């Protein structure tokens with residue numbers, strides 16, 4: 050039997066332009082039901098703009114964008130009904146308590162009062178904010194606010210949840226808690242789309258991801274595949290010195306110099322290390338697994354983005 | 021994008037209204053103080069204080085002359101300030117509108133809900149003032165009861181005007197311009213504390229053509245004195261037409277500002 054996967058989001062040649070500035074340039078991708086799909090990229094790569102187009106709050110300039118098979122331009126209401134959103138800045142309602150934030154939000158989805166109450170209790174439990182029920186937003190910590198925004202994004206039992214930088218500015222404990230929650234959403238079959246520039250977050254969570262840079266998608270794939278394809282399994286690092294570079298040139302080994310370190314991408318770290326140690330007179334040498342961060346920096350460059 | 025595109029609205033507008041109502045009711049004790057105190061201050065200072073030096077205006081006492089103006093001014097202020105500073109804070113600082121448009125509601129519905137809420141503030145304040153002022157025997161019944169529905173219409177007018185300013189104001193400080201250059205002169209030159217007839221003709225015509233409060237004062241005064249002025253229907257029509265036009269304009273301006 051052939052299983053045809055219906056994409057939850059499908060974009061083809063998608064464009065967004067503000068005056069002369071092209072924020073999203075000819076982007077194509079599709080997100081499948083039940084997967085965690087990540088958008089990675091440096092600041093200003095166009096991730097947030099893309100999320101806003103998917104959320105039907107920013108109209109596209111050109112191309113095709115369908116969510117649940119519906120056009121974002123013509124069916125925003127129907128799409129938004131099935132979607133949960135966790136925006137980058139926690140725009141919780143400061144005029145209300147934790148509990149009232151969820152209750153007031155449920156009204157925008159026309160959820161009957163009794164159902165909303167049950168759902169609110171359940172969600173407060175899920176994000177571990179039950180004791181903070183009557184607290185005013187102002188008195189919540191950053192991590193609590195994020196969890197509450199996550200709960201708010203789930204109030205309508207969405208089939209798709211979109212998170213823009215879900216763990217930005219959080220301490221490690223708070224980040225891990227959010228990750229756990231996202232994993233359990235995925236286990237429930239909810240499609241998760243997130244943007245991040247934390248590479249460990251992306252490799253931990255994402256089934257598939259794209260790396261964006263300067264309004265375009267550079268690569269798309271599974272985190273491990275991307276690492277293998279663009280870096281290899283491992284990286285051998287040597288402190289930068291003229292003798293080592295000379296030796297590497299003589300051996301014809303490909304290398305890159307990154308902030309005082311010579312990096313050699315390889316699938317055979319043991320052999321490479323042994324060869325270098327015997328053939329070249331090197332100082333400190335280390336071998337480590339390649340990470341998504343290496344792919345990211347290789348593809349997007351090392352220049353600071355502002 | 022067109023400035024006068026007719027907005028598509030659904031009953032979901034009420035959810036935005038309800039959000040503001042909930043916030044209002046949380047602090048209702050504070051909110052009910054101004055409409056109680058304000059008429060008392062003005063009536064004592066102007067009506068019974070300054071008023072003792074003033075002869076009757078068109079055969080009525082000064083206190084009876086300004087009582088309807090106080091209600092009209094309150095209709096203006098409540099919705100105007102709700103939909104300028106209040107809406108601006110919700111839009112820009114609290115990101116309340118952003119949060120709402122991530123749900124099935126549209127930006128048009130959010131703005132419509134805000135304007136209806138502004139009008140409701142005018143309604144609430146007008147009713148309270150009506151009660152307070154009626155204790156001084158300065159207004160006629162039953163005609164003054166018509167002020168209750170009218171206050172909502174008047175509120176709609178000033179809420180729509182306010183929302184146009186909110187949509188075009190680069191920051192919250194620039195909202196001071198319409199407050200001081202538009203609302204303050206209107207407070208003084210709309211037939212509020214002295215009859216329009218004492219003004220030179222050009223100023224008087226300007227007030228009738230361009231100062232919305234003139235029409236609100238004229239209608240409220242007709243009702244409190246139980247003496248319909250000759251222009252009452254013209255004023256009513258003026259308010260209805262301007263409110264509708266500016267309501268549509270406000271929604272479109274906001275859409276232009278927020279949907280990019």
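Chains as they are written, first to last, in my numbering: chain A, 50 to 355; chain B, 21 to 280. By construction, the Cβ of each residue, glycine as well, lies at the ideal position given by its N, Cα and C atoms. Fair warning: this is a prediction, and the values are worked out from it, not measured in the lab.
I need the boundaries of the beta strand (DSSP E) containing residue 112 of chain A, first residue and last residue.
111-116
Flag this pair as yes or no: are the beta carbons of residue 99 of chain B and residue 138 of chain B separated by less than 7 Å?
yes
Taking its Cβ as the centre, do 16 or more other Cβ atoms sit within 10 Å of residue 254 of chain B, making it buried, or is it exposed?
exposed
Determine the DSSP secondary structure at residue 271 of chain B, reduced to helix, strand or coil.
helix
Is the CB of residue 43 of chain B under 7 Å away from at least one CB in chain A?
yes
Counting C-beta neighbours from all protein chains within 10 Å, is the total for residue 355 of chain A 16 or more, i.e. buried, or is it exposed?
Low local confidence applies: a pLDDT of 49 at residue 355 of chain A is under 50, so the model's placement there is unreliable, with the coordinate-based value given in what follows. Exposed.
Indicate the three-state DSSP secondary structure (helix, strand or coil) for residue 355 of chain A in the structure shown.
The predicted position of residue 355 of chain A is uncertain, since its pLDDT is 49 and thus under 50; a value taken from the coordinates is nonetheless stated next. Residue state, collapsed to three classes: coil.
Could you give the residue range of the alpha helix (DSSP H) that holds residue 223 of chain B?
221-230
So residue 29 of chain B and residue 132 of chain B are in contact, right, with Cβ under 8 Å, and what is the actual spacing, rounded?
5 Å
Using a 10 Å radius around the Cβ and a threshold of 16 neighbouring Cβ atoms, would you call residue 24 of chain B buried or exposed?
exposed
So with CB distances below 8 Å, who are the chain B contacts of residue 158 of chain A?
123 and 124
Please list the partners that residue 120 of chain B has in chain A, where partner means a Cβ-to-Cβ separation under 9 Å.
154 and 157
Any beta carbon from chain A within less than 7 Å of residue 39 of chain B's own beta carbon?
yes
Contact list for the stretch 246-257 of chain A against chain B, Cβ threshold 8 Å
none
Between residue 115 of chain B and chain A, is any beta-carbon pair separated by less than 7 Å?
yes
Contact set between residue 35 of chain B and chain A, taken where Cβ atoms lie within less than 7 Å:
156 and 157
Report the rounded CA-to-CA distance for residue 118 of chain A versus residue 63 of chain A, giving the unit in angstroms.
15 Å
Mapping DSSP to helix, strand and coil, what is residue 331 of chain A?
coil
Cβ neighbour criterion (16 or more within 10 Å) applied to residue 193 of chain A:
buried
Using a Cβ-Cβ cut-off of less than 8 Å, give me the residues of the stretch 53-76 of chain A that come near chain B, in sequence order.
67
Taking 7 Å as the threshold (C-beta atoms), are residue 73 of chain A and residue 255 of chain A in contact?
no
Enumerate, from N- to C-terminal direction, the unbroken beta strand (DSSP E) stretches of 3 or more residues contained entirely within the stretch 239-303 of chain A.
240-245, 257-262, 265-270 and 283-288
Which of the three DSSP states is assigned to residue 158 of chain B in this structure?
coil
Less than 7 Å separating the beta-carbons of residue 263 of chain A and residue 213 of chain A?
no
Round the Cβ separation of residue 127 of chain B and residue 107 of chain A to the nearest angstrom and send it over; I've been treating them as touching at under 8 Å.
Actually they are not in contact, since the Cβ atoms of residue 127 of chain B and residue 107 of chain A sit about 11 Å apart, beyond 8 Å.
Rounded separation between residue 259 of chain A and residue 267 of chain A - CA only:
7 Å
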